[in-house]
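Trainee: Protein chains in written order, with full-length UniProt numbering: chain A, 1 to 338; chain B, 1 to 338. First the structure, then my questions, so here it is.
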DNA sequence: ACGCTAAATGATTGCGCAATCATGTGTCAA
DNA sequence: TTGACACATGATTGCGCAATCATTTAGCGT
């Protein structure tokens, strides 16, 4: 009852082991009749390839590594979902790693992944350590950075500009007449910092920049923290008339806290979220948010790796910017609300 | 510049390859001095083990397979997070699979995972096909079913009783005086059906069972669908006075729709969610929900696999029920609200 | 019918490691 | 001093597959 090998299948089908191997990997190089006989033998014996042996012999595993900073951040659940939908139809599989937003953990995970001779790697962001960057430059497989935008990716990057997305949101709020807009940032990972920079740039441009309006916390985002941060913010800056959040959870929390305080949204207070995870659009009033194409980013990243694995070239455009969409909703549309 | 092997390290350290291998896997069997020399050599050469070779030679990979029905269901993001927190400190890695709530996809994924000679498997639920069940019974590694409860697991099961959790919620609503309580179910996967059964059982017990109060849809849950389902429900059953949702998203959507309709919660309408994902507790009013120990389930499942891998025995209690907690909040506490 | 080429199939080898068994080395009791 | 024994280290082998090269067969024009 041992697990059958290529040799067993070969014997059953009356061919050599290598022909079976070929029939599986390059069927066009094996005659029709043999293919059928081999298929029958595989079926009969219940043969399943041994990926370890294949990997060892070919110096190439069938693993695609996906490195994300957090599983509980739903943004990455979506990315994973997109990548999976593309990969699951192939013979490849996804191995995941969680860096916990820590560069050194990330380094360790990259080292581990590189040792797998993966088909490709997907990794969030551009802010790797020098050592990490070096490993990624050197590894013999496509590497896709995601959720960000840069002219100098390791290989290619699929994402959008966090700076621009935040700037567009800020500009929208300014357009709607808000002047004392706060930035609320949780976790403060590199992408959040870029959003903060984009926000700040627009504030400065309109000469309404005020450092007192920047509220940040290293805690992870949540609806609950959003409520607390709004309370703190209004204590500290009572004349604050709006907020841009680095995350939808926080925006929802703030929206709920406004309900409780009977703070009129959008009239007296504007709210803008980030990522458009679904709840913002259903709130009362509906909350403006920046839709980011997370699922598509996962799909495109995975597809690029498959294309390269199939022999495709590195494309000319290495910065694949899928953009973002500012979903303007009631929570900031003060002009229409009057 | 080739990747160094055990032999290279051995030469560098002046020992044989197998001693290096031992130093890595069973350090206590190698003398202190050699261990140091070997460690230095490994460092100098930047040696990283080849998992494929190891797996081939030992007939045992370092992979723990986790099979979930969906990545975008945040419940499983939490499970994954819990499992990862336990596993990341070890030399093992997580390979994930998405069954898409489809038994045949699940079968295929199990087949694939089994072929990896994994350290262990974690799989959601108990409703595998006969073929799946067979493979799981046969595979030579610990298998942990999760998110459910049964006296007859494949190996062990870590979870809670969906039937009991729903029944407890229903009983609570009945205790609060609700009599025309609807069940709103999305996706209708096996666990949702168990919740429905638990709910139904309590309704029958109190002789207030009415099939018209069961609203189900194959769509996945979301805040948006929750709003729509409430609208449909109130059209169909105007005297409905409460709802038990199989999922928090739906409960939040219903809560928001009640806000919009100025339907007084909990006075005229009670709402209970499931899973307690975080937003329910922050709503106005706060929504009652059943907290399920998702992260802990992931942790315990992973820990069990590690224990078994380290030579531990199969425990006596194979049904590890971590329970649930009904978080009674304003949305159902009608007696207190008056 | 002959030789040429292309297509189909096979034989051999080694990937890097761990299982197994073999050997060396030191310690201690009698 | 000897032998028994534990402990430390090494040599050999094979895991199942794919890369490489070798061989056979089929198809074709002249």
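For glycine and all other residues, C-beta sits at the position ideal for the given N, C-alpha and C.
Are the CB atoms of residue 278 of chain B and residue 173 of chain B nearer to each other than 7 Å?
Mentor: No, they are not a contact pair.
Trainee: Alpha carbons only, please: which of B:331, B:88, B:226 and B:84 is nearest the one belonging to residue 267 of chain B?
Mentor: It is B:331.
Trainee: By the three-class DSSP mapping on this structure, what secondary structure does residue 248 of chain A have?
Mentor: Here residue 248 of chain A sits in helix by DSSP.
Trainee: Near residue 137 of chain A, which residues of its chain fall below 7 Å by C-beta distance, leaving aside the five closest residues on each side in sequence?
Mentor: Closer than 7 Å at the Cβ level, and outside the excluded window around residue 137 of chain A, lie 154.
Trainee: What does residue 283 of chain A reach in chain B if we use C-beta pairs closer than 7 Å?
Mentor: Those are 256, listed as they occur along chain B.
Trainee: What beta strand (DSSP E) runs, 3 residues minimum, are completely inside the segment 138-205 of chain A?
Mentor: You should have 143-146, 156-159 and 181-186.
Trainee: Quick one: measure Cβ to Cβ for residue 265 of chain B and residue 215 of chain B, integer angstroms, because I've assumed they're closer than 8 Å.
Mentor: Actually they do not touch by this definition, with Cβ atoms about 18 Å apart.
Trainee: For residue 78 of chain B, count neighbouring C-beta atoms within 10 Å of its own C-beta (all shown protein chains included) and say buried if the count is 16 or more, exposed if not.
Mentor: When all chains shown are included, residue 78 of chain B counts as buried.
Trainee: Enumerate in chain order the residues of its own chain whose CB-to-CB distance from residue 164 of chain A is below 7 Å, with the five nearest sequence positions on each side excluded.
Mentor: The answer, listed in chain order, is 198.
Trainee: What residues in its chain sit with their C-beta under 7 Å from that of residue 42 of chain B, if we drop five residues either side in the sequence?
Mentor: Excluding sequence neighbours, residue 42 of chain B sits near 9.
Trainee: Could you give the uninterrupted runs of the beta strand (DSSP E) lying entirely in the segment 244-327 of chain B, keeping only those of 3 residues or more?
Mentor: Taking only runs of at least 3 residues, the beta strand (DSSP E) segments lying wholly in the segment 244-327 of chain B are 270-275, 288-291, 319-321 and 325-327.
Trainee: Kindly say whether residue 39 of chain A, judged by its beta-carbon, lies nearer than 7 Å to any beta-carbon of chain B.
Mentor: It does not: the Cβ of residue 39 of chain A has no partner Cβ on chain B nearer than 7 Å.
Trainee: Quick one: list the residues of chain B neighbouring residue 224 of chain A, beta-carbon separation under 8 Å, in chain order.
Mentor: Per Cβ cutoff of 8 Å: 278, 281 and 282.
Trainee: Between the Cα of residue 102 of chain B and the Cα atoms of B:132, B:6, B:88 and B:89, which residue gives the shortest distance?
Mentor: For residue 102 of chain B, the nearest C-alpha among the options comes from B:132.
Trainee: Using 7 Å as the limit for Cβ to Cβ distance, is residue 53 of chain A near chain B?
Mentor: At least one chain B Cβ lies under 7 Å of residue 53 of chain A.
Trainee: How would you call residue 16 of chain B, buried or exposed, if buried means at least 16 neighbouring beta carbons within 10 angstroms?
Mentor: When all chains shown are included, residue 16 of chain B counts as exposed.
Trainee: Counting pairs of beta carbons, one from the segment 94-110 of chain B and one from the segment 21-38 of chain A, are three or more of them closer than 8 Å?
Mentor: No contact exists between the segment 94-110 of chain B and the segment 21-38 of chain A.
Trainee: Would you be able to state if there are at least three C-beta pairs under 8 Å between the segment 48-58 of chain B and the segment 40-54 of chain A?
Mentor: Short answer: they touch.
Trainee: Taking C-beta to C-beta, are residue 100 of chain B and residue 334 of chain B nearer than 7 Å?
Mentor: No, Cβ-Cβ distance for residue 100 of chain B and residue 334 of chain B is not below 7 Å.
Trainee: State the Cα-Cα distance for the pair residue 91 of chain A and residue 109 of chain B, rounded to the nearest angstrom.
Mentor: Cα to Cα, the separation comes out at about 11 Å.
Trainee: Compute the Euclidean distance between the alpha carbons of residue 144 of chain B and residue 336 of chain B, then round it to the nearest angstrom.
Mentor: Near 42 Å, if we compare the C-alpha coordinates of residue 336 of chain B and residue 144 of chain B.
Trainee: Quick check: residue 227 of chain B and residue 288 of chain B, are their CB atoms within less than 7 Å of each other?
Mentor: No, they are not a contact pair.
Trainee: Using a Cβ-Cβ distance under 7 Å, would residue 83 of chain B count as near chain A?
Mentor: Judged by the 7 Å Cβ criterion, residue 83 of chain B is not in contact with chain A.
Trainee: With 7 Å set as the bound, which would you pick, yes or no: does the beta-carbon of residue 56 of chain B sit closer than that to a beta-carbon of chain A?
Mentor: So, interface residue.
Trainee: Is the CB-CB distance between residue 230 of chain A and residue 254 of chain A below 7 Å?
Mentor: Yes, they are a contact pair.
Trainee: In chain order, which alpha helix (DSSP H) runs of at least 4 residues are fully inside the UniProt domain "HTH lacI-type" (4-58) of chain B?
Mentor: Within the UniProt domain "HTH lacI-type" (4-58) of chain B, the complete alpha helix (DSSP H) runs of at least 4 residues are 6-13, 17-25, 32-45 and 51-58.
Trainee: What do you get for residue 104 of chain B, buried or exposed, if any count of 16 or more other CB atoms within 10 angstroms of its CB means buried?
Mentor: With fewer than 16 Cβ atoms within 10 Å of its Cβ, residue 104 of chain B is classed as exposed.
Trainee: Who are the near neighbours of residue 276 of chain A in its chain, counting only those whose CB is closer than 6 Å to its CB and skipping five residues on each side?
Mentor: Closer than 6 Å at the Cβ level, and outside the excluded window around residue 276 of chain A, lie 289, 291 and 327.
Trainee: Would you check if the distance between the CB atom of residue 120 of chain A and the CB atom of residue 297 of chain A is smaller than 7 Å?
Mentor: Not a contact, by the Cβ cut-off of 7 Å.
Trainee: My understanding is that residue 274 of chain A touches residue 195 of chain A, with C-beta atoms under 8 Å, so please give their C-beta distance in whole angstroms.
Mentor: At roughly 7 Å, the Cβ-Cβ gap stays under 8 Å, so residue 274 of chain A and residue 195 of chain A are in contact.
Trainee: With a threshold of 7 Å on Cβ separation, who are the neighbours of residue 117 of chain A within its own chain once the five nearest residues in sequence on each side are excluded?
Mentor: 55, 59, 60 and 61.
Trainee: In the DSSP assignment, what residue or residues form a beta bridge with residue 214 of chain B?
Mentor: Paired residue(s): B:183.
Trainee: Going along the segment 139-159 of chain B in order, which residues come within less than 9 Å of chain A, judged by CB to CB distance?
Mentor: Within the segment 139-159 of chain B, no residue qualifies.
Trainee: Is there a Cβ of chain A sitting closer than 7 Å to that of residue 71 of chain B, yes or no?
Mentor: It does; some Cβ of chain A falls within 7 Å.
Trainee: Where residue 206 of chain A and residue 162 of chain A are concerned, what is the direct C-alpha to C-alpha distance, given to the nearest angstrom?
Mentor: If you take the alpha carbons of residue 206 of chain A and residue 162 of chain A, they lie about 20 Å apart.
Trainee: Can you tell me whether residue 129 of chain A is buried or exposed, with buried defined as 16 or more other CB within 10 angstroms of its CB?
Mentor: Exposed, by the Cβ-count rule.
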